[in-house]
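A.B. asks: This structure is in structure tokens; I'll ask about it shortly.
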Amino acid sequence: LAAPNSLSSHTTGLSIKKCDFKITMNNNNHHTEEISTERLMVRRGQPFTITVSFSAPIHSYLRQLKRTFLIVQTGSHPSKADGTQTEFPISSLGDQRQWSAALQEQDPCFWTISVNTPANAPIGQYTLLLYVSKSSHLLGNFTLLFNPWCQDDEVFLANEAQRQEYILNQEGVIYWGNENAVLAQPWDFSQFEEDIVDICFTLLDVGERHQRDKDHTQRKNPVYICRTVAAMLNCDEFRGILTECETGQYCNGTPPSKWLGSSPILRQWVVSQCKPVRYGQCWVFAAVMCSVLRCLGIPTRVVTGFTWAHNTNSSLSVDEYYNEDGTLLTQDKSAHIWTFHVWNECWMARADLLPEYSGWQALDATCQEKSKGPSFCGPTPVQAIKKGDTEVDYDVCYFFAAINAKCQVWIQKADDSLKPALGGTKYTGNNISTKSVGSERCEDITHNYKYPEGSLQEKEVLDKAYRKVKKLETTSSSSETQFSSFPTALEEPVNLFIHLQSKSSLLLGQDVPLSIEVSNHSGREKSIHLVAGAQSLHYNGVPVTQLWKEEFHFILKSNEGKDSTGCMARKVYLVLSLQEKCT
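Just add 986 to the spot in the sequence shown (first one is 1) and you have the working numbering.
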């Protein structure tokens, strides 16, 4: 509610006419003018100014001042005991470290007061009252947010260009596709549309109702806020914001690819009385999370990683299985190499950890691993991920494994036995990307998460993390145990090389030229059975259908070969024609 224009009740010795919250001036000073021009929106750790006007002149203002206090309160049951209600005097000097009020200007007909909020105050919707001689008087309501412009706030961000991007920018870009063809999807975060701030606090209210330890004062802690919001993003049983569709059939909802902004999702959630909106995927969860946290004042960005090892159970390995025709099998339906995955980073000091772990924190609302309760991960210090410090809160193992796991490719033979595929190791966590500050350019931030591939630092970190993760694994479910059951290399080297060449990206409906070259360096003649095929996959690694398959039989002599052009190797030229199937 806005500050009332006229205050008709009378306190002892004071006849208050009205209170002016100076909304335009205060909101401009607090970088909230885009949220509202009619409601007071302020950031903690920074004073705001109000003017109280009196119906009758006050001549002995010092005597009145000594018995006049301000009261702020938040939450459904405010109390002094839990810190949700605070009383403080109006003095000549305020105190920036706590709730305080200073008289800036006094006149017989009005007082101009500077109200200071502490940099660690709980965010929320507050009521401001004037208290004189045992009588309280409502001055109005205001909203308190985190303050990245305040050095004492845990979310302080020193760079102004970054504050403009990660707090104030309502338009963004989300990257997806694959590491060889990165695509940009514009997104409307719309975090400053006026009803969004109310929806954000409704989200916190609903989320807190389902927590065992309900503590409204914890809203001062950005870690707590991030975990509460993440828990509500993808949660069917707790009236969460979005739900996934495992079948891929979206007839009773909106396909994730059709969403272009956060506000329609948040509004639909509220209008439906907090029923999960259908449907979301990782980029939608991350985009909505970014909107909510930016609105509340936590610097946030959307991050995409390519070739992501999902649901590894914090192991540093994941397996993929193919049949002898090269078709991807679905033996392990939970663990896949995702083409891409999208999560968030939030900027904050981690008061609960060593100073080196402050800064960017990874936060994933999509993951299916448990994080001491609901299904999300983080906030995780990005620095801890890079260093392999898996014991640090929260969920370092999950992120570290997802971007450092090696994927072993196995061939399942007709008798169900397995053999490792030649050259069948994939590396995960490539091209970790986010929108750059102040432009539409894609910024590669892989170096924040990993040391250079093949470097000594990478080897040391992987060895350290492997030793720690190994202690957590059980021999019955460990992927390492699976590996040890089979040879990691064929007993006899084949010396047969296959080179496949195609364009990394094509327009829909365009033919796909594909060149396959087979070279024999074994020292003897080889009878070759080549199976070439194309298979469509969901972005999360789940196979959809076999698009095409063709078999070739030919002989390759030692160190030579024949093809249609008479070259030293056998080459097969194919043209595929792929069309979009409308559903």
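Just so you know, even glycine gets a beta-carbon here, dropped at the ideal spot from N, CA and C. Note that the structure is a prediction, hence the values are computed from the model and not measured.
Please state if the CB of I1099 and the CB of K1040 are separated by a distance shorter than 8 Å.
C.D. replies: In the sequence on display, residue 1040 carries Phe and not Lys. No, these two residues do not count as a Cβ contact at 8 Å.
A.B. asks: Can you list, in chain order, the residues of its chain with a C-beta nearer than 8 Å to that of T1316? Leave out the 5 residues immediately preceding and following it.
C.D. replies: Within the same chain, T1316 has close Cβ partners V1528 and P1529.
A.B. asks: Whole angstroms is fine: what's the gap from G1226's alpha carbon to V1215's?
C.D. replies: Whole-angstrom Cα-Cα distance: 9 Å.
A.B. asks: What span of residues does the beta strand (DSSP E) with K1004 cover, start to end?
C.D. replies: K1004 -> beta strand (DSSP E) spans L1000 to D1006.
A.B. asks: In the DSSP assignment, what residue or residues form a beta bridge with A1348?
C.D. replies: In the DSSP output, where bridge partners are listed per residue, A1348 has E1331 and T1366.
A.B. asks: For S1501, is the classification buried or exposed, using 16 other Cβ atoms within 10 angstroms of its Cβ as the cut-off for buried?
C.D. replies: Classification for S1501: exposed.
A.B. asks: In this structure, how does DSSP classify K1399 when only helix, strand and coil are distinguished?
C.D. replies: In the structure shown, K1399 sits in coil (DSSP, three-state: anything other than H, G, I, E or B).
A.B. asks: Should A1475 be labelled buried (16 or more other beta-carbon atoms within 10 Å of its own) or exposed?
C.D. replies: Any answer about A1475 is weak, because its pLDDT of 41 lies below 50 and its placement is not dependable; what the coordinates show is given next. Looking at its Cβ environment, which holds fewer than 16 other Cβ atoms inside 10 Å, A1475 is exposed.
A.B. asks: Kindly list the residues whose CB is nearer than 8 Å to the CB of V1263, restricted to its own chain and excluding five residues on each side of it in sequence; keep chain order.
C.D. replies: Excluding residues within five positions, the ones whose Cβ falls inside 8 Å are I1227, L1228, T1229, G1239, T1240, I1251, Q1254 and W1255.
A.B. asks: When the cut-off is 8 Å and only beta carbons count, does H1485 lie next to chain C?
C.D. replies: Structure shown: chain C not included; a single protein chain is present.
A.B. asks: Where in the stretch 1239 to 1309 do unbroken runs of the beta strand (DSSP E), each at least 3 residues long, occur, reported from the N-terminal end onward?
C.D. replies: Entirely contained in the stretch 1239 to 1309, the beta strand (DSSP E) runs reaching 3 residues are, in chain order, 1286 to 1296 and 1303 to 1309.
A.B. asks: What is the residue span of the alpha helix (DSSP H) that G1080 lies within?
C.D. replies: Careful: G1080 lies outside any alpha helix (DSSP H) and carries neither H nor E.
A.B. asks: Could I get the ranges of all uninterrupted alpha helix (DSSP H) runs contained in the stretch 1125 to 1181, with 4 residues as the minimum, in chain order?
C.D. replies: Whole alpha helix (DSSP H) segments, 4+ residues: 1146 to 1149.
A.B. asks: Which word fits N1330, buried or exposed, when buried means at least 16 other C-beta atoms lie within 10 angstroms of its C-beta?
C.D. replies: It counts as buried.
A.B. asks: Measuring straight from C-alpha to C-alpha, what distance separates R1510 and F1483?
C.D. replies: When rounded, the distance between both Cα atoms is 14 Å.
A.B. asks: Secondary structure at F1034, three-state DSSP: helix, strand or coil?
C.D. replies: Three-state DSSP puts F1034 in a strand.
A.B. asks: Which stretch, first to last residue, makes up the alpha helix (DSSP H) that contains V1382?
C.D. replies: Note, V1382: alpha helix (DSSP H), V1382 to N1390.
A.B. asks: Using three-state DSSP, classify A1216 as helix, strand or coil.
C.D. replies: Reduced to three states, the DSSP call for A1216 is helix.
A.B. asks: Measuring only the C-alpha atoms, how far is T1113 from T1037?
C.D. replies: Approximately 16 Å, taken between the alpha carbons.
A.B. asks: Relative to the C-alpha of A1407, which residue among Q1394, T1414 and A1400 is closest?
C.D. replies: Out of Q1394, T1414 and A1400, Q1394 has the C-alpha closest to the C-alpha of A1407.
A.B. asks: Evaluate T1010 with the Cβ neighbour count: other Cβ atoms within 10 Å of its Cβ, from every protein chain shown; 16 or more gives buried, anything less gives exposed.
C.D. replies: T1010 should be labelled exposed.
A.B. asks: Are the Cβ atoms of R1030 and P1104 separated by less than 8 Å?
C.D. replies: In this structure, P1104 lies closer than 8 Å to R1030 by Cβ.
A.B. asks: Nearest-angstrom Cα distance between E1426 and G1158?
C.D. replies: So the alpha carbons of these two residues sit roughly 8 Å apart.
A.B. asks: Compute the beta-carbon to beta-carbon distance between I1211 and L1282, rounded to the nearest angstrom, for a pair I have assumed lies under 8 Å.
C.D. replies: Contact flag correct, Cβ pair sits at about 6 Å.
A.B. asks: Between N1102 and Q1071, is the Cβ-Cβ spacing less than 8 Å?
C.D. replies: Going by C-beta atoms, N1102 is not nearer than 8 Å to Q1071.
A.B. asks: Does the separation of the CB atoms of A1170 and C1428 fall below 8 Å?
C.D. replies: Going by C-beta atoms, A1170 is nearer than 8 Å to C1428.
A.B. asks: Keeping to the same chain, check which residues put their C-beta closer than 6 Å to that of K1543; ignore five residues upstream and five downstream.
C.D. replies: Contacts found: E1511.
A.B. asks: On the CB-based measure, 16 or more other CB atoms within 10 Å of its CB, does T1023 come out buried or exposed?
C.D. replies: T1023 is exposed by the Cβ-count criterion.
A.B. asks: How about V1118 and R1213: are their beta carbons less than 8 Å apart?
C.D. replies: Cβ atoms of V1118 and R1213: not closer than 8 Å.
A.B. asks: Could you pull the start and end residues of the alpha helix (DSSP H) that L1051 belongs to?
C.D. replies: First-last of the alpha helix (DSSP H) with L1051: Y1047 to K1052.
A.B. asks: Between L1000 and Q1059, how many whole angstroms is the CB-CB distance? I'm expecting something under 8 Å.
C.D. replies: 20 Å between Cβ atoms; not a contact.
A.B. asks: Check whether the stretch 1290 to 1310 touches the stretch 1373 to 1392, taking contact to mean three or more Cβ pairs, one atom from each stretch, closer than 8 Å.
C.D. replies: Yes, the stretch 1290 to 1310 is in contact with the stretch 1373 to 1392.
A.B. asks: Does C1237 pass the burial test, meaning 16 or more other C-beta atoms within 10 Å, or should it be called exposed?
C.D. replies: The residue in question, C1237, is exposed, as its Cβ has fewer than 16 Cβ neighbours within 10 Å.
A.B. asks: Mind checking which residues open and close the beta strand (DSSP E) that includes N1434?
C.D. replies: From DSSP, N1434 is part of no beta strand (DSSP E) but of the alpha helix (DSSP H) over T1432 to Y1435.
A.B. asks: Would you say A1400 and E1310 are within 8 Å of each other, going by their C-beta atoms?
C.D. replies: Yes; because the gap between Cβ atoms is below 8 Å, this pair is in contact.
A.B. asks: Quick one: complete alpha helix (DSSP H) runs, 4+ long, within the stretch 1493 to 1534?
C.D. replies: Fully enclosed alpha helix (DSSP H) runs of 4 or longer: not present.
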